[in-house]
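Here our numbering is used: position 36 in the sequence shown is 37, and no number is missing along the way. Below is one structure, written out as structure tokens; comments come after it.
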Amino acid sequence: MPSFFSSDIQDVVYKLLISLIISLVALPIHEYAHGYAAYRMGDNTAYRQGRLTLNPLVHIDPLGTLALILFGFGWAKPV
Numbered sequence: 002m003p004s005f006f007s008s009d010i011q012d013v014v015y016k017l018l019i020s021l022i023i024s025l026v027a028l029p030i031h032e033y034a035h036g037y038a039a040y041r042m043g044d045n046t047a048y049r050q051g052r053l054t055l056n057p058l059v060h061i062d063p064l065g066t067l068a069l070i071l072f073g074f075g076w077a078k079p080v
């Protein structure tokens, strides 16, 4: 039984780490693409707010990222 419990913990930690990596890589790329597309179409709001960057700290919403890690869905700061 201890090996079964250990395997479950490893699975949970693995899934949390994957979710964290996705949050730090995919969300900024996704939000940058939104902002860039809007900028190319004449809306410079994302540019003025400093969100045309791949810096994850600019895009990540703490509550949305926590929801993504814990529940599998979440959100970033709007562009």
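Backbone N, C-alpha and C fix where the C-beta goes; we use that ideal spot for every residue, glycine too. Please read all numbers here as calculations on a predicted model, not as lab measurements.
Whole-number beta carbon distance between residue j and residue i, since they are thought to touch under 8 Å
| i | j | result |
| --- | --- | --- |
| L1 | P63 | Only positions 2 to 80 of the chain appear in the structure, and residue 1 is not among them; the question remains open. |
| L28 | I70 | Going by Cβ atoms, the distance from L28 to I70 rounds to 11 Å, so no, they are not a contact pair. |
Member of the options whose CA lies at the smallest distance from the CA of residue i
| i | options | result |
| --- | --- | --- |
| D76 | Y40, H31, R41 | For clarity, residue 76 is Trp in the given sequence; the question names Asp instead. If we check each option's Cα against that of W76, H31 comes out closest. |
| F74 | Q11, V13, V14, L21 | L21 |
| G65 | K78, L55, V59 | K78 |
Beta-carbon proximity list for residue i, same chain, < 6 Å, skipping 5 on both sides
| i | result |
| --- | --- |
| V80 | E32, H35, G36, A47, R52 |
Min CB distance residue i to chain B below 8 Å
| i | result |
| --- | --- |
| Y40 | Absence of chain B from the displayed structure is noted, only one protein chain being present. |
Buried or exposed (CB count within 10 angstroms, at least 16 for buried), residue i
| i | result |
| --- | --- |
| I88 | Because the chain here runs from 2 to 80, residue 88 falls outside it and cannot be looked at. |
Chain-order list of residues whose beta-carbon lies under 8 Å from that of residue i (same chain, five-residue window excluded)
| i | result |
| --- | --- |
| A68 | F74, G75, W76 |
*Whole runs of the alpha helix (DSSP H) within the segment 50 to 75, excluding any shorter than 4 residues*: 57 to 60, 63 to 72
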